[in-house]
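Undergrad: First the structure, then my questions, so here it is.
Chains as they are written, first to last, in UniProt numbering: chain A, 1 to 319; chain B, 1 to 379.
See the structure below:
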């Protein structure tokens with residue numbers, strides 16, 4: 001008990017130190033403190049050069065994390081937003097992600113397999129041969145499951161494989177997936193109206209003069225070039241593009257290069273899609289919509305003073 | 001059937017038998033035969049009461065149009081020549097894409113034989129030129145031009161070396177500080193800075209001194225010139241100066257390392273990230289960048305750690321077995337081929353195997369030996 005108490009005290013002290021050193025930390029003085037029972041000797045930051053890993057571990061955002069909004073497809077950083085840690089910096093919970101992915105998988109099962117029992121198989125139910133006297137085994141109708149062409153005894157029948165998951169768990173899993181991508185630097189947010197800008201020379205002739213697969217071949221080569229230039233292609237683990245609705249050029253181009261990634265509407269995306277590819281590129285409004293739809297554990301439905309308690313603010317613009 | 005026969009009978013036999021005339025010949029053909037035109041002279045004379053204007057046969061003989069325009073001769077010439085030359089749509093003409101022709105015309109065998117007496121028609125496909133399908137059109141040489149190349153915001157050439165990255169980071173810091181000194185940083189933090197492709201611009205930015213005290217940096221140098229170069233709208237040829245690692249090492253040594261302690265706030269972080277992406281093609285993720293409090297941290301986060309040495313290289317470097325005459329360190333496992341190479345027999349073996357048409361390495365078409373699978377219990 002005593003050791004636990006000391007641990008708690010240490011944690012509280014660490015929190016105090018973080019908040020005290022928050023405004024204008026000139027030199028890198030903050031340390032990563034371990035709250036576990038075993039106390040490891042801490043190195044002095046001044047002596048040892050900080051590695052990327054130790055730097056990342058030392059960063060514990062309390063309220064918000066920065067999100068850069070890029071233009072598409074040039075990926076020029078355009079503006080900066082601050083998002084709540086409750087939305088984009090949740091700790092990784094593999095159990096939640098597993099639950100969500102299994103839940104989605106169950107609910108996407110078609111469940112239409114249907115086999116015929118002996119009562120469904122067509123034909124006469126006449127006894128095939130006399131019960132006795134033939135010297136052979138007794139045998140009933142030709143629908144018997146023992147015979148070829150007979151019914152299936154315990155075959156599959158249409159059913160719903162769907163399972164249930166608490167909404168708050170699913171929503172938290174969704175934000176956990178987004179946070180995971182954010183923390184690994186695999187979430188790229190772009191401005192609204194994400195569309196693939198094609199060269200003017202292509203636009204001139206695209207609709208009328210590129211026939212017999214020329215247009216598709218052009219899009220294929222162009223999109224491969226774009227993705228490899230931006231570091232989003234196959235060698236980087238494919239990319240998922242999420243937009244509010246169908247963007248013709250982008251979707252058509254991505255359909256030509258399915259090995260480089262895919263493009264999906266907001267409605268078609270689920271947690272598994274978010275976790276699947278190497279990078280996720282989405283519109284700013286899509287991110288807002290996603291978080292808005294999946295924050296049931298943060299938003300209360302109980303009305304106090306005429307207003308329900310809302311969640312943290314969605315993406316406040318800083319720059 | 002009978003009706004068809006009657007139709008064939010009705011058609012003049014010479015018309016059926018005649019070979020299909022060429023396109024040019026077809027144009028000269030007219031429904032009015034020239035012999036008949038003589039019969040119309042009398043009515044022309046009656047109608048015009050004397051000498052009739054125009055050609056005697058308006059159907060076969062074209063009247064020369066009398067061009068009366070005020071256009072200069074060159075314009076007339078070009079417009080007429082173009083209309084005669086190609087009837088391609090305007091969109092296709094304006095586009096720089098290399099499109100396949102609408103029809104390909106090849107000289108006939110007779111024409112070829114007439115021009116080249118040594119011409120022999122091919123009997124099989126051997127040695128003929130291969131033309132791929134349209135799906136590979138853009139892969140063929142000369143079809144994919146510069147106009148189709150995508151150019152992103154970040155530099156196409158990604159800088160991997162830490163020293164070079166440091167030079168560019170210094171440049172970005174100096175430029176951001178220059179903008180701050182001129183008081184236009186708030187306005188220009190999110191805008192696109194001029195690429196600064198020339199070497200002179202880079203040297204100008206790198207020449208400025210950065211003095212840092214308690215994280216607060218001051219720029220000593222021509223801040224206004226640097227800021228001017230960044231905010232100018234001049235369209236320039238983009239050619240990011242290439243810095244070699246040695247050059248970068250020299251440069252970084254000449255600076256006092258205290259400049260890297262400049263403290264960062266969010267706008268500065270954003271600007272540095274953007275500039276670094278523009279110059280080096282390295283896009284630091286948001287979550288990583290937020291952990292950086294000084295320029296030094298940015299460098300740590302942006303640079304890729306050098307590849308760790310292999311064990312053989314480490315031993316070589318340490319000279320671990322240098323004084324032991326009977327110990328040798330190899331980079332890879334010493335296999336049977338390596339042993340043959342060491343005694344100089346491999347060349348001979350390879351030659352003999354090739355002479356017998358046997359695979360030099362591996363099994364060739366032969367299946368692997370089953371006995372091994374029996375022994376290991378796989379089958």
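We treat Cβ as the ideally placed atom computed from N, Cα and C, and that holds for glycine. Values in this document were obtained by computation on a predicted structure and should not be read as measured data.
1. Residues in its own chain within less than 6 Å of residue 151 of chain A by CB, not counting five upstream and five downstream?
2. Could you work out which residues of chain B lie near residue 218 of chain A, taking near to mean beta carbons separated by less than 7 Å?
3. Taking Cβ-Cβ distances below 7 Å as the criterion, which residues of the region 243 to 262 of chain A are in contact with chain B?
4. Who are the near neighbours of residue 340 of chain B in its chain, counting only those whose CB is closer than 8 Å to its CB and skipping five residues on each side?
5. Flag residue 52 of chain A as yes if its beta-carbon sits less than 7 Å from any beta-carbon of chain B, otherwise no.
6. What residues are listed by DSSP as bridge partners for residue 128 of chain A?
7. Measure the C-alpha to C-alpha separation of residue 282 of chain A and residue 246 of chain B and round it to an integer number of angstroms.
8. Looking at the secondary structure, which residues open and close the alpha helix (DSSP H) in which residue 351 of chain B lies?
9. First and last residue of the beta strand (DSSP E) that includes residue 265 of chain A?
10. When the Cβ atoms of the region 159 to 172 of chain A are set against those of the region 295 to 304 of chain A, are three or more pairs found closer than 8 Å?
11. Quick one: give me the first and last residue of the beta strand (DSSP E) that residue 220 of chain B is part of.
12. Any Cβ of chain B within less than 7 Å of the Cβ of residue 56 of chain A?
13. Please give the ranges of any beta strand (DSSP E) in the region 226 to 293 of chain A, keeping only runs that are unbroken, at least 3 residues long and fully inside the region.
14. Taking residue 96 of chain B as the reference, which of B:47, B:149, B:125 has the closest Cα?
15. How many whole angstroms separate the CB atoms of residue 188 of chain B and residue 179 of chain B, which I take to be in contact at a CB cut-off of 8 Å?
16. Helix, strand or coil: which one does DSSP assign to residue 13 of chain B?
17. Which runs of the alpha helix (DSSP H) spanning at least 4 residues fall entirely within the region 299 to 324 of chain B, listed in chain order?
18. Determine the contact status of residue 299 of chain B and residue 155 of chain B, defining contact as a CB-CB distance below 7 Å.
19. List the residues that DSSP assigns as beta-bridge partners of residue 70 of chain A.
20. Any beta carbon from chain B within less than 7 Å of residue 192 of chain A's own beta carbon?
21. With 16 as the cutoff for other CB atoms within 10 Å, does residue 140 of chain B come out buried or exposed?
22. For residue 84 of chain A, list the residues DSSP reports as bridge partners.
23. Under three-state DSSP, which class holds residue 175 of chain B?
24. Roughly how many angstroms separate the alpha carbons of residue 145 of chain B and residue 198 of chain A, rounded to a whole number?
25. Report the rounded CA-to-CA distance for residue 220 of chain B versus residue 210 of chain B, giving the unit in angstroms.
26. If you reduce the DSSP assignment to three classes, tell me which class residue 51 of chain B lands in.
27. Taking only beta-carbon positions, decide if residue 308 of chain B is within less than 7 Å of chain A.
28. Unbroken alpha helix (DSSP H) runs of length 4 or more, entirely within the region 108 to 167 of chain B: which are they?
29. Which same chain residues end up closer than 6 Å to residue 194 of chain A when comparing Cβ atoms and leaving out the 5 residues on each side of it in sequence?
30. So for residue 282 of chain B, helix, strand or coil by DSSP?
31. Starting from residue 204 of chain B, trace the alpha helix (DSSP H) in both directions and tell me its first and last residue.
32. Using the beta-carbon of each residue, which ones in chain A are nearer than 7 Å to residue 267 of chain B?
33. In or out: residue 104 of chain B buried (at least 16 other Cβ within 10 Å) or exposed?
34. What do you reckon, are the CB atoms on residue 90 of chain B and residue 205 of chain A nearer than 7 Å?
35. Who are the near neighbours of residue 304 of chain A in its chain, counting only those whose CB is closer than 6 Å to its CB and skipping five residues on each side?
36. Measuring from the CB of residue 153 of chain B, is there a heavy atom of the ligand MN at a distance below 6 Å?
TA: Taking the coordinates as given:
1. 116, 117, 118, 121, 143, 145
2. 138
3. none
4. 346, 349
5. yes
6. None, per the DSSP bridge assignment.
7. 40 Å
8. 346 to 355
9. 261 to 265
10. yes
11. 216 to 220
12. By this cut-off, residue 56 of chain A is an interface position.
13. 239 to 243, 261 to 265, 279 to 283
14. B:149
15. 5 Å
16. Because the pLDDT at residue 13 of chain B is just 39, under 50, the model does not fix this residue reliably, and the point stays unresolved.
17. The region 299 to 324 of chain B contains these whole alpha helix (DSSP H) runs: 311 to 318.
18. No, the pair does not count as a contact, with Cβ atoms beyond the cut-off.
19. A:77, A:190
20. no
21. Residue 140 of chain B is exposed by the Cβ-count criterion.
22. A:64
23. helix
24. Their Cα atoms are separated by approximately 14 Å.
25. 6 Å
26. coil
27. Closer than 7 Å: no.
28. 109 to 115
29. So the list reads 72, 243, 283, once near-sequence residues are dropped.
30. coil
31. 199 to 207
32. Going along chain A in sequence order, the residues near residue 267 of chain B (Cβ under 7 Å) are 319.
33. Counting other Cβ atoms within 10 Å of its Cβ, residue 104 of chain B stays below 16 and is therefore classed as exposed.
34. no
35. none
36. With respect to the ligand MN, the structure shown offers nothing to examine, as it has no ligands at all.
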